[in-house]
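*Asks:* Below are the structure tokens for one structure; questions will follow.
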Amino acid sequence: MRLVLLTLLSMLAFAANSLLCRLALASGSIDPASFSAIRLASGAAMLVVVMRVRKVSPIARGGWVPAFWLFAYAAAFSFAYVRLPTGVGALLLFGAVQATMVGAGLWRGERLLPRQWCGLVLAMGGLVALLLPGLSAPSPGSAALMLAAGVGWGAYSLYGKQALDPGAATAGNFVRAVPFAALLVAVCATQLSVSGAGLVYALCSGAVTSGLGYIVWYTVLPRLRSSAAASVQLSVPMLAALGGTLLLGEAWTQRLSWTGLAILGGIALVVLAPKRPA
């Protein structure tokens, strides 16, 4: 039961990142550059504290390349959510992450089973349908930014798969991402605007749903089968969409329902398929 509760808590934290970002930016209480910087800095501070408790150097793991990809994800994520609804953004992000990781595997020579190819085609078809012009179509520029955020997170995840201590590596990468965020703030200096509410949203997103959320996830991850870990992550976009509907008053459209089913169903066929025999 403890494992189930911790797993659910980590998935809620990941979905809450989308909700907090959308709430902060849709209300105009903070600009996207400041949100990104505060999120990364507060996440780094929380992870440094956790690493100190563990008696681990907060910069002993990680590196500058994965830190850049972490920053690229966080920045594009924030700028995209200025106009994207919560659920649509989460679906685009999740689809781009998985497409990036599958694409990297194919580039390295991995081979997919027939059902995985079907799943990949289904998921990509869902993404295309989600982006087709129409009354409920997302903003093209914001959608492109969220897809870029997904590529950044996918690249970051590929580096994370090689980490011996994912929690320590995450801490080191967050710390190293802060200078990139500071540079972004300097570039956008004339457009900065932070209210008290916006500051609270960004701090919660960084310290709680990112910093502590990742620590909880990496605590339960070694105890989950790979298929179970992949399965529970499929819940994040739908949790974000549900939260956007219930808490932010966003519309749950038929396009979101059908494309979400196609994207998540296709991804499930890819990630939950048995491994190809050697």
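With mature numbering (1 follows the signal peptide of the UniProt record, and there is no 0) as the guide, the letters of the sequence shown map in order to residues -15 to -1, 1 to 263.
Positions of the beta carbon are idealized from the N, C-alpha and C atoms, including for glycine.
Source: prediction; values computed, not measured.
In whole angstroms, give me the CA-to-CA distance for A263 and V87.
*Replies:* Its pLDDT being 46, under 50, A263 is placed unreliably in this model, and the value from its coordinates should be taken loosely. Between A263 and V87, the C-alpha separation is close to 18 Å.
*Asks:* Quick one: is Q239 buried, meaning 16 or more other Cβ sit within 10 Å of its Cβ, or exposed?
*Replies:* Q239 should be labelled exposed.
*Asks:* Roughly how many angstroms lie between the CA atoms of G110 and G80, to the nearest whole one?
*Replies:* If I take the Cα positions, the gap works out to 11 Å.
*Asks:* T71 and A226 look like a contact to me (Cβ under 8 Å); what is the Cβ gap, rounded to whole Å?
*Replies:* That belief holds up - the Cβ atoms of T71 and A226 are roughly 6 Å apart, short of 8 Å.
*Asks:* For V163, name the three-state secondary structure that DSSP assigns.
*Replies:* Helix.
*Asks:* What's the gap between the Cα of V106 and the Cα of I248?
*Replies:* Roughly 9 Å separates the two Cα atoms.
*Asks:* Would DSSP call I15 helix, strand or coil?
*Replies:* I15: strand per DSSP, three-state reduction.
*Asks:* Since F15 and S142 are thought to touch, with beta carbons under 8 Å apart, how far apart are those beta carbons, to the nearest angstrom?
*Replies:* Note on residue identity: the sequence assigns Ile, not Phe, to residue 15. Going by Cβ atoms, the distance from I15 to S142 rounds to 27 Å, so no, they are not a contact pair.
*Asks:* Would you mind giving the Cβ-Cβ distance between L5 and S242, rounded to the nearest angstrom? I have them listed as a contact below 8 Å.
*Replies:* No, L5 and S242 are not in contact; Cβ-Cβ is about 24 Å, not under 8 Å.
*Asks:* Is the Cβ-Cβ distance between V33 and V201 less than 9 Å?
*Replies:* No.
*Asks:* Considering only the beta carbon of each residue, do G135 and Y58 sit closer than 9 Å?
*Replies:* The answer is yes: Cβ separation under 9 Å.
*Asks:* By a C-beta neighbour count over all protein chains shown, 10 Å radius and 16 as the cutoff for buried, is G145 buried or exposed?
*Replies:* Burial call: buried.
*Asks:* State the Cα-Cα distance for the pair G157 and V35, rounded to the nearest angstrom.
*Replies:* When rounded, the distance between both Cα atoms is 12 Å.
*Asks:* Quick one: which unbroken alpha helix (DSSP H) runs of 4-plus residues sit fully inside the segment 70 to 129? Chain order, please.
*Replies:* Within the segment 70 to 129, the complete alpha helix (DSSP H) runs of at least 4 residues are 71 to 92, 99 to 116.
*Asks:* Do you know whose CA, among A(-1), A18, L188, F(-2), lies nearest T175's CA?
*Replies:* Taking only the C-alpha atoms, the option nearest T175 is A18.
*Asks:* How would you write the range of the alpha helix (DSSP H) that Y66 sits in, first residue to last?
*Replies:* Careful: Y66 lies outside any alpha helix (DSSP H) and carries neither H nor E.
*Asks:* Residue range of the alpha helix (DSSP H) that M223 falls in?
*Replies:* Its alpha helix (DSSP H) spans residues 220 to 233.
*Asks:* Provide the residue span of the alpha helix (DSSP H) that contains A187, from first to last.
*Replies:* Where A187 is concerned, the enclosing alpha helix (DSSP H) stretches over 181 to 188.
*Asks:* For a test of the three-state rule: what should DSSP assign to G250, helix, strand or coil?
*Replies:* G250: helix per DSSP, three-state reduction.
*Asks:* Assuming the contact rule is C-beta atoms closer than 8 Å, F165 and F56 should be a hit. Round their C-beta distance to whole Å, please.
*Replies:* At roughly 4 Å, the Cβ-Cβ gap stays under 8 Å, so F165 and F56 are in contact.
*Asks:* What's the gap between the Cα of G198 and the Cα of L224?
*Replies:* Going by the C-alpha atoms only, they are around 15 Å apart.
*Asks:* Measure the C-alpha to C-alpha separation of G251 and A1 and round it to an integer number of angstroms.
*Replies:* When rounded, the distance between both Cα atoms is 24 Å.
*Asks:* Return the Cβ separation of A(-3) and T194 in integer angstroms, given the expectation that the two are a contact with Cβ distance under 8 Å.
*Replies:* Indeed they touch by this definition, with Cβ atoms about 4 Å apart.
*Asks:* Let me check understanding here. Comparing Cα to Cα, which of K40, V113, P51, L(-7) lies closest to A162?
*Replies:* Comparing Cα positions, the closest option is P51.
*Asks:* What does the Cβ neighbour count give for L232, buried or exposed, with the cut at 16 atoms within 10 Å?
*Replies:* Under this definition L232 is an exposed residue.
*Asks:* Relative to the C-alpha of A167, which residue among R(-14), S3, S21, L(-13) is closest?
*Replies:* Among R(-14), S3, S21, L(-13), the Cα nearest to that of A167 belongs to S21.
*Asks:* Can you check whether the CB of A11 is closer than 9 Å to the CB of V67?
*Replies:* In contact: V67 and A11 (Cβ atoms closer than 9 Å).
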